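Start counting the sequence shown at 4; every next residue gets the next number (the numbering used here). Heads up, the beta-carbon is just placed ideally off N, CA and C, and yes, glycines get one too. Remember, predicted model here, so these are calculated numbers, not experimental data. Written out below as structure tokens is the structure these notes cover.
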Amino acid sequence: MRLTIFGSGYVGLVTGACFAEAGNNVLCVDIDQRKVDMLNAGKSPIFEPGLEDLLRKNLAAKRISFTTDAAQGVKHGLFQFIAVGTPPDEDGSADLKYVLAVAESIGKEMQEYRIVVTKSTVPVGTADKVRAKIDATLATRGTRFEFDVVSNPEFLKEGAAIGDFMKPDRIVVGTDNPRTGELLKALYDPFTRNHGRMIVMDVRSSELTKYAANAMLATKISFMNELANLAERVGADIENVRLGIGSDPRIGYHFIYPGCGYGGSCFPKDVQALARSANDYAFNAEVLKAVESVNNRQKQVLFEKIKRHFNGSLSGKTIALWGLAFKPNTDDMREAPSRELMERLWDAGAKVRAYDPVATDETSRIYGERADFTLVDHALEALNGADALAIVTEWQEFRSPDFEHIKAVLREPVIFDGRNLYDPAFVKQFGLTYYGIGRGASVVSTSMERKRRASDR
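Right, dumping it as structure tokens:
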């Protein structure tokens, strides 16, 4: 089939590459000429495992190409996918200006029947606005063509997006036209041949499903972080609690890992946008607001632990940071907990030496050169001249470090583990002080040890 995808960001690029891999003829439209040139040369502007190889393979097979020409895009594909950004507006609602700009372009250039598919994460009612924009644009031309607007939200995990697309656990399609549903079924058939994974529903339910899914996952994370903070105060270990509740199949182990807060392009934005949508319908979404509030507070926890350990004085201290991206296997720094931590450390007069396997370029783009910030090429290099180590992203290479080396290099042998990668008792065998998230038993032990040392002096 012939597909056009407006937007060559994370969602658009993964969608285009995977559809091309299934044998479709894909044309991606983007307004950024530099990005288009880069993509046509086989270089991905984002880090996603397997994506660049897939891109190059399908460019060579002439199944995917990139352009800035919207008219060419509308002419090319029966399916017109809208996969542009929906950044949060000042009030937290999703800004639909890019989505509606694409809708207007389709209306200006359409010459025959088209299926317009909203792939972007959008509020309930967006399909109606897209339809109205296309209708109005066609009216200004004094013409009329049949078209359908379909909701088809993405459920891609950064770091595992190719696998998610190729072997989806579900494909949600929102349409009011059974014929259009059958056409989408044919398009997705290569990805669902052995499993009936397509769920067809009305458009508004489809739009809400995407927000509901992300809000549910964010709620699980914030709830576990709330419990972790309680565990510290009552002397319990949240990791034991996690095992105890995760073994219940009604709860499960997914997304119940406590830490220093969630980030990325989806959860923070979508929780906020869904709460704002509720306000638009005069409904007070109290749980959603609490999820956002807990997460904002959780991003402060690691800094507060560091500050408390150093008796409130961080001026002149240097903190080594392992992990910058908001999660492993991506270079995405949007809403990353590392940003909150670094900025608070700088405000307190501390310096930062940071390492991330793939996100250093993106971090450098955001912060530029600073006298109080050093990006290094290796994890152990970040420790040189540092007073403490803080772990913010759970990259695989951080899971089994050389603790003897860490103790020998750090000016003060202390680890602040924002992802609970290590067993506190094991780390302490190396003479390191250890702070995790919700490791109440270890917190009590550490507090008692510090008091004992103080009394010895």
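Going by alpha carbons, who is nearest to residue i out of the options?
i: residue 90; options: 100, 84, 81, 82; result: 100
i: residue 331; options: 229, 422, 76; result: 422
i: residue 363; options: 341, 352, 354; result: 341
i: residue 21; options: 46, 136, 171; result: 171
i: residue 73; options: 237, 83, 164; result: 83
i: residue 298; options: 225, 289, 174; result: 225
i: residue 75; options: 140, 130, 7, 117; result: 7
i: residue 418; options: 179, 227, 313, 438; result: 438
i: residue 302; options: 179, 348, 154, 205; result: 348
i: residue 103; options: 113, 118, 131, 81; result: 131
i: residue 217; options: 254, 267, 110; result: 267
i: residue 144; options: 111, 187, 165, 153; result: 111
i: residue 402; options: 441, 429, 377; result: 429
i: residue 163; options: 431, 52, 343, 278; result: 52
i: residue 122; options: 95, 153, 427; result: 153
i: residue 124; options: 238, 324, 13, 370; result: 13
If we ignore side chains and look at the alpha-carbon of each, how far apart do residue i and residue j end up?
i: residue 161; j: residue 34; result: 23 Å
i: residue 9; j: residue 286; result: 33 Å
i: residue 372; j: residue 11; result: 29 Å
i: residue 327; j: residue 359; result: 6 Å
i: residue 222; j: residue 142; result: 44 Å
i: residue 15; j: residue 88; result: 10 Å
i: residue 281; j: residue 352; result: 41 Å
i: residue 135; j: residue 395; result: 45 Å
i: residue 140; j: residue 106; result: 9 Å
i: residue 319; j: residue 355; result: 10 Å
i: residue 393; j: residue 251; result: 32 Å
i: residue 404; j: residue 378; result: 19 Å
i: residue 242; j: residue 329; result: 21 Å
i: residue 424; j: residue 397; result: 7 Å
i: residue 310; j: residue 97; result: 36 Å
i: residue 296; j: residue 335; result: 22 Å
i: residue 427; j: residue 50; result: 33 Å
i: residue 321; j: residue 391; result: 7 Å
i: residue 182; j: residue 78; result: 21 Å
i: residue 240; j: residue 253; result: 22 Å
i: residue 44; j: residue 316; result: 50 Å
Report the three-state DSSP secondary structure of residue i (helix, strand or coil).
i: residue 409; result: helix
i: residue 95; result: coil
i: residue 119; result: strand
i: residue 292; result: helix
i: residue 334; result: coil
i: residue 37; result: helix
i: residue 82; result: strand
i: residue 347; result: helix
i: residue 259; result: coil
i: residue 251; result: coil
i: residue 22; result: helix
i: residue 196; result: coil
i: residue 59; result: helix
i: residue 373; result: strand
i: residue 49; result: coil
i: residue 159; result: coil
i: residue 227; result: helix
i: residue 147; result: coil
i: residue 284; result: coil
i: residue 14; result: helix
i: residue 135; result: helix
i: residue 219; result: helix
Going along the chain, which residues of its own chain have a beta-carbon closer than 7 Å to the beta-carbon of residue i, five neighbours each way excluded?
i: residue 460; result: Because the pLDDT at residue 460 is just 41, under 50, the model does not fix this residue reliably, and the value given afterwards should be weighed accordingly. So the list is empty, once near-sequence residues are dropped.
i: residue 24; result: 57, 61
i: residue 407; result: 433
i: residue 29; result: 6, 8, 19, 22, 23, 66, 67
i: residue 450; result: Interpretation of residue 450 is limited by its pLDDT of 49, a score under 50 that renders its predicted location unreliable; the figure taken from the coordinates is listed afterwards. Correct list: empty, nothing qualifies.
i: residue 127; result: 207, 210, 211, 280
i: residue 41; result: 48
Ordered along the chain, which non-local residues of its own chain (more than five positions away) have a Cβ less than 6 Å from that of residue i?
i: residue 271; result: 338
i: residue 174; result: 191, 200, 201
i: residue 116; result: 149
i: residue 227; result: 259, 261
i: residue 214; result: 273, 277
i: residue 344; result: 305, 306
i: residue 294; result: 221, 222, 225, 274
Quickly, what does DSSP pair residue i with across the bridge? List them, please.
i: residue 30; result: 7, 68
i: residue 177; result: 154, 204
i: residue 378; result: 357
i: residue 417; result: 436
i: residue 393; result: 324, 419
i: residue 442; result: 240
Please work out which residues of its chain come closer than 8 Å, Cβ to Cβ, to residue i, disregarding the five sequence neighbours upstream and downstream, and give them in chain order.
i: residue 412; result: 383, 386, 387, 389
i: residue 27; result: 4, 5, 6, 66, 190
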